[in-house]
Amino acid sequence: MAQRVQGTEDLYGGYMRAWQRMQDVARETFGVYGFSMIETPAIEQVATFVHGIGESTDVVRKEMFRVFSGALVESLLAKGSEEGLKAKQRLALRPEGTAGVVRAAVQNNLVPQGSAPAKLWYAGPMFRGERPQKGRLRQFHQVGVEWLGASDPASDAECIVMLMQFFERLGFDADSLRLTINSMGDAACRPAYREQVRSFILDHADQMCDDCLERAELNPLRAFDCKNPHCAEVMADAPLVPDHLCDECAAHYAQVKRYLDEAGVRYEEDPTLVRGLDYYTRTVFEVEVAGAGVGAIGGGGRYDGLMELEGGKPTPGLGFAVGFERIVLALQTQGVDLGASEEGCVYVACTPDVRASVFGTVLALRNAGVRTESDCQGRSLKSQFKQADKVGARLCVVLGTDEVAAGVATLRDMHTHEQEQVELSALAAIVAERMR
Ligand code: HAM
1 MAQRVQGTED LYGGYMRAWQ RMQDVARETF GVYGFSMIET PAIEQVATFV
51 HGIGESTDVV RKEMFRVFSG ALVESLLAKG SEEGLKAKQR LALRPEGTAG
101 VVRAAVQNNL VPQGSAPAKL WYAGPMFRGE RPQKGRLRQF HQVGVEWLGA
151 SDPASDAECI VMLMQFFERL GFDADSLRLT INSMGDAACR PAYREQVRSF
201 ILDHADQMCD DCLERAELNP LRAFDCKNPH CAEVMADAPL VPDHLCDECA
251 AHYAQVKRYL DEAGVRYEED PTLVRGLDYY TRTVFEVEVA GAGVGAIGGG
301 GRYDGLMELE GGKPTPGLGF AVGFERIVLA LQTQGVDLGA SEEGCVYVAC
351 TPDVRASVFG TVLALRNAGV RTESDCQGRS LKSQFKQADK VGARLCVVLG
401 TDEVAAGVAT LRDMHTHEQE QVELSALAAI VAERMR
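Take the sequence shown: its position 212, counting from 1, is numbered 212 in this note's numbering, and each next residue is one higher.
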């Protein structure tokens, strides 16, 4: 039997309904804030991710799936290296959505100078070559937003308020959501802070793991996320970014917190929250669900330098993304089935001799906008009733010899089991009314 690729999933049935429901809630929630949808390709030039996400990040160094056309693979195998390939030949599956959306905004001039900000949201598969485990896949699905051209701290707060509303509308118990925030500083204050962390790690080199020693040179702030308990113990005394913010960044962070307080959003400040992507400046945030054991269900932040890194004019920006698969798992721990079927249907059952009458009845019901099912396998009346239960029918229309001769149908309520006779000519209108 052909096998699915490890760390990927098939979406169908209730799982697919959950993915669609998540997009519906996103459309409704983000629409109120003025966001419209964008779709960018799942495949981009490697340079788009290297510029944006950062060359030293795990996502770019270790997790990006590279894509080469068949002809290129042969020439690569023959040459043994990628040297000499043009930028347009070096492709990757997107590990996240932000870099591609910003690339699209630059290329299509979506934020012309002096214009209103671009407010965009997206939904789609992302790809990371991570070790698959619960809530960690190689192809997973994100819903995300990118808000380009907004510099005011109010936009950071609005973004976070919108994210928390989105989670609550999906069905999360608001008290279980743990929002953490931090400020990462900007181009003015972060380089000096980064250097301090680098020196700190090197001063404690004998107590740190090899990965952290490598991080000290490449990306020292990532050492805050090291899972090694010795490193965590050392890093507990490392300098913290909020103590090293420049005046502008400190004022921005303070104002974001004031707005969050005004909106009644509960948050915890985590001065070690650094996120795994290099483009962040100033505000960063993450959301976890208490007791769910799936890690962050969403995260994001501000990235005021990213448009420039992707070749555009200096334009502030911010956004977030949430992980569909983790959200479904986390909701399950709270007894919420995001893919529960909401709309019932009508089942048209018949005795074998009047099977031909079912066609027209089903047609009339569907023309009236009613979701209708019927048997197409020649089942007995008894197993048609079982089938009606199985597909979650709320009403069952029963056609028998006498009914068809008299121009009526029996309408049976599947919950109360009450039955009544209805004129066939009025059936569609009556059923449509009941199903509303
Ligand atoms: P991220 O934190 O890397 O941020 O991913 C966002 C969410 O995607 C995570 O919180 C998690 O729920 C989900 N996720 C990430 N990796 C996996 C995986 N391997 N398997 C399952 N779920 C996963 C970003 O991607 C940024 N682009 C967010 C952003 C948008 N920042 C600004 N704008």
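No residue lacks a Cβ here, since even glycine has one placed at the ideal position from N, Cα and C.
Boundaries of the alpha helix (DSSP H) around Phe385: 381 to 390. Counted as a single uninterrupted DSSP element, the alpha helix (DSSP H) harbouring His230 occupies residues 229 to 235.
Assigned with DSSP and collapsed to three states, Met22 falls in helix. Counting the other Cβ atoms within 10 Å of the Cβ of Ser199 gives fewer than 16, which makes it exposed. Secondary structure note for Ser183: its beta strand (DSSP E) is the uninterrupted segment 177 to 183. In this structure, the ligand HAM has no non-hydrogen atom nearer than 7 Å to the beta-carbon of Val25.
For the pair Trp121 and Val102, the CB atoms are not nearer than the 8 Å cut-off. For Ser425, the secondary structure class from DSSP, reduced to helix, strand or coil, is helix. Under DSSP, Ala123 shares a beta bridge with Val143. In terms of Cβ geometry, Met435 and Val370 form a close pair [threshold 8 Å]. Note that the region 316 to 327 touches the region 295 to 303; at least 3 beta-carbon pairs, one per stretch, sit closer than 8 Å. Sequence-distant partners of Val362 (beyond 5 residues in either direction) whose C-beta falls short of 6 Å from its own C-beta, in its chain, are Val348, Thr372, Ser374. For Met208, the closest C-alpha among the options Phe224, Glu74, Ala388, Gly295 is that of Phe224. Counting C-beta pairs closer than 8 Å gives three or more between the region 14 to 21 and the region 320 to 337, which meets the contact rule. About 14 Å separates the CB atoms of Ala409 and Ala368; that is not less than 8 Å, and the two are not in contact. Per DSSP, the continuous alpha helix (DSSP H) segment holding Phe200 begins and ends at 190 to 203. At a threshold of 7 Å, Ala123 does not count as near the ligand HAM, since its beta carbon sits no closer than that to any of the ligand's heavy atoms.
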